[in-house]
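Reading through the structure tokens given below for one structure.
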Amino acid sequence: MREFAVPPVVTVPDEDNTLSALWDAAENHPASILFMRTFDDGATWQDVTSVEFREQVVAAAKGLAAAGIQPGDRVALMSATRYEWTLLDYAIWAAGAVTVTIYETSSADQAKFILEDSGAVAVIVEDAEMTAMVEGLGTQVKHVWTIDGGALDALGALGADAGIDIEERRTSRKADDLCTIVYTSGTTGRPKGCMLTHRNLLADIRNVIPEVPGVLYDGARMLLFLSLAHVLARILQLAGMESRTTIAHADRTKLTAVMPVVKPTTLLAIPRVFEKVYAGAYQKAVDGGKGHLFEKATACAKEYSRALDKPGGPGLGLKLRHKLWDVLVYTKIRAAIGGECRTAVSGGAALGPELGHFFRGVGVTIYEGYGLTETSPVLSLNLETAIKVGSIGRPTPGTALRVADDGELQAKGPQVFPGYWNNDAATAEVLDADGWFSTGDIAEIDDDGYVTITGRKKDIIVTAGGKNVAPGPLEKILDAHPLIAYAMVVGEGRPYIGCLISLDGEMVRDWLSRHDKDPQTPISDLTDDPELRAELQAKVDEANLTVSRAEQIKQFRVMPVELTEDAGEITPSVKVKRHVVMEKYSSEINALYDTAKAQRNE
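As numbered in the numbering used here, residues 528 to 1129 make up the sequence shown, in order.
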């Protein structure tokens, strides 16, 4: 059993909570700009100082308290990522209550389960449509406030003359009190409510901030567009407050318009976003007849990045080539994300090393990290002074990681949750008496403490020949192709490994145009297109070079539809629900093997 531990650099005082940094900023740094707030659908932006934000938080918190919300009550928050989400999250805490997050894309059934399971007494939703849905669920919720329906004004008016002592409320919450319940995205069934304390969240982020001084600092600007119902975006929200980094919220469908205005110095994103940025830049180059030049620039960026990890760094010749491509290509890529972004944080899924080297070579270093909802979430991170592209970094300060005899990664630290809400049996399955949490991921830890995830324990495929295959590494390589939205490797109990490929509709339309085909051709008509299959086969061949023959993909099928969240096939955190896809598209999986059987019988 290999173990690697890093001592903490910060210990959270028992009396602290997630509001402490805001009150400190308002008292000692009143002019610090904590947020850039947008009005008029992005047409107008306004700075919000620490004092102004605290005043707004207190006003909303008084309204919640006046409505009868008691310390320890659960209040649900269901909205897209926006300034009001963060404001209301802090207001719920200031009222002494516990925030329960619900994805804005959740179905009525999912929302009802979370509201009932958590025992939420109130819910704040974004718009009239969500209001109607929640009011029709027949739950125990006593209050429903609508952000677009004037929730902040209503709460402000309700608490204005109520005589509520918010200072008493907010200081009553201590480090070990429950702060939030975040429900897992449910890739393997019903979501479970992860209880996170104020200490969990504070210990996690306070031990990271000193290690990334060039990412999180007073005056830095961070663009937040991932769902705040996800703990990854939530911890970055808290990181902004703790470091006084300015946060701007954005709809991810409008990033192209927002980035030149906000000019972020850092981004938080999932790998799919970085894949899209790369694919878009490549496509633009191809459309301009400069695809071959972009490929050369890409190769130089990766070579330069790899050279940074070697003694002596890049040689003079490589530096000169890199400088040339920087003028011709890299500056344009950086301009597409605002022009001032030099760092980014990737989480939620594995980022391929090729993509990581490309962006670092372009001038945007992506710090890939790892964690789970149950761990607040950060367990490991590549740091400015300790980075190994392709790994998920070393354990963060205060964290111990070990690999069990069966290869499963286990974690221990102050950010590890106390358990699942109303589910002691599930808690006992993952958390032992000594506080070690079993992540469910298969991993390796090298001599320097860098961790590499090689697969998901429950996803390990055992073929008919008895070969154990981790689908993750193959899928990661395939997902990097611009045309591929999701690749799902299969083969449990089968004679060989196969793969289902779900195409990216937007990129497919571009591909069709470049190949003189009707861009409106439905994906269902492209599953057997020879040119498309040839391009995908080249990527499959590339992935196969990284594994043994027994692990190689022998057959693949292009799925006739895109996998979507609306269809229940993708989680809100953009992960494939493998069990759903395998059941729903069992005929596609069977065809992977029926085709091969037919070919042998010809």
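Where a beta carbon is used, it is the ideal one built from N, C-alpha and C, also for glycine.
Between the CA atoms of residue j and residue i - distance to the nearest angstrom
i: V1131; j: K1102; result: An answer regarding residue 1131 cannot be provided, because it is not within the stretch 528 to 1129 covered by the chain.
i: L685; j: L642; result: 24 Å
i: E1096; j: A938; result: 29 Å
i: R1105; j: E662; result: 32 Å
i: R1127; j: L723; result: Model confidence at R1127 stands at a pLDDT of 45, short of 50, so the residue's coordinates are unreliable and nothing is read from them.
i: L1090; j: K1003; result: 17 Å
i: G840; j: A834; result: 5 Å
i: E486; j: E1019; result: The structure shown has nothing for residue 486, since the chain only spans 528 to 1129.
i: E611; j: C868; result: 25 Å
i: A796; j: I732; result: 17 Å
i: A635; j: F531; result: 43 Å
i: K994; j: E1078; result: 8 Å
i: T666; j: K639; result: 7 Å
i: L878; j: V758; result: 18 Å
i: A678; j: I596; result: 15 Å
i: D675; j: I651; result: 10 Å
i: K781; j: A570; result: 12 Å
i: S1100; j: V648; result: 26 Å
i: V800; j: T632; result: 19 Å
i: G898; j: G875; result: 8 Å
i: P1186; j: Y977; result: Here the chain covers residues 528 to 1129 and nothing more, so residue 1186 does not appear.
i: L546; j: G623; result: 10 Å
i: Q810; j: D1037; result: 8 Å
i: G940; j: G962; result: 8 Å
i: Y1023; j: V996; result: 10 Å
i: R529; j: T783; result: 44 Å
i: V539; j: L604; result: 27 Å
i: Y710; j: D1093; result: 18 Å
i: L855; j: K817; result: 11 Å
Any C-beta of chain B under 8 Å from that of residue i
i: D968; result: Any reference to chain B falls outside this structure, which holds one protein chain only.
Collapsed DSSP secondary structure at residue i in the structure displayed
i: F821; result: helix
i: H776; result: strand
i: C721; result: strand
i: M1086; result: coil
i: V536; result: coil
i: V648; result: coil
i: K701; result: coil
i: Y947; result: strand
i: E1129; result: Note on E1129: pLDDT 40, under 50, position unreliable in the model; the coordinate value appears next. E1129 falls in the coil class under three-state DSSP.
i: W672; result: strand
i: E488; result: Not covered by the structure: residue 488. The range shown for the chain is 528 to 1129.
i: V967; result: The displayed chain sequence assigns Gly, not Val, to residue 967. Strand at G967.
i: R1130; result: Absent from the structure is residue 1130, since the part of the chain shown begins at 528 and ends at 1129.
i: D1072; result: Correcting the residue type first, residue 1072 is Leu in the shown sequence and not Asp. L1072 falls in the coil class under three-state DSSP.
i: S1051; result: helix
i: K915; result: coil
i: A862; result: helix
Residue from the options with nearest C-alpha to residue i
i: E956; options: T724, K719, A532; result: K719
i: T979; options: P1009, G920, V652, P924; result: G920
i: D703; options: V1088, R726, P540; result: R726
i: L682; options: V1085, A586, L728; result: A586
i: D1121; options: N1071, P1087, I914, R1021; result: R1021
i: N544; options: R697, T632, D692; result: R697
i: G1025; options: R1084, E530, E769, G993; result: R1084
i: V584; options: I762, L615, E1078; result: L615
i: I619; options: G599, R609, T632, H849; result: G599
i: E911; options: G741, D692, N734; result: G741
i: A1061; options: L1010, G646, T1098, D951; result: L1010
i: R717; options: V739, W948, W963; result: W948
i: I1066; options: Q1082, L1053, S1051, D1052; result: Here residue 1066 turns out to be Lys, not Ile, going by the sequence shown. That would be Q1082, whose Cα lies nearest to the Cα of K1066.
i: W550; options: T1098, I693, S645, A687; result: I693
i: T1073; options: G999, V671, L753; result: G999
i: L1027; options: H1042, L1001, H819; result: L1001
Nearest-angstrom Cβ-Cβ length linking residue i and residue j, presumed shorter than 8 Å
i: D872; j: T793; result: Just to set this straight, residue 872 is Val in the shown sequence, not Asp. Right, their Cβ atoms sit about 7 Å apart.
i: A588; j: A621; result: 4 Å
i: V813; j: R861; result: Contact doesn't hold; Cβ gap of about 20 Å is too wide.
i: I969; j: T981; result: 5 Å
i: V602; j: T626; result: 6 Å
i: A592; j: I691; result: 4 Å
i: A766; j: T773; result: Not confirmed; about 12 Å, so no contact.
i: A760; j: L753; result: 4 Å
i: T613; j: L755; result: 7 Å
Any non-hydrogen atom of the ligand MG closer than 7 Å to residue i Cβ
i: V854; result: With respect to small molecules bound, the structure shown includes none, and the ligand MG cannot be examined in it.
Report task. Inspect the CB distances between the region 545-559 and the region 572-592 and report whether three or more fall short of 8 Å. Result -> yes
Requested in this report: Say whether the region 808-825 touches the region 739-758, bearing in mind that this needs 3 or more beta-carbon pairs closer than 8 Å, one atom from each stretch.
Outcome: no
Query raised in the report: Does the pairing of the region 760-780 with the region 601-609 give three or more beta-carbon distances under 8 Å?
Result: yes
Query raised in the report: Does the region 897-907 come close enough to the region 924-932 that 3 or more CB-CB pairs lie under 8 Å?
Result: yes
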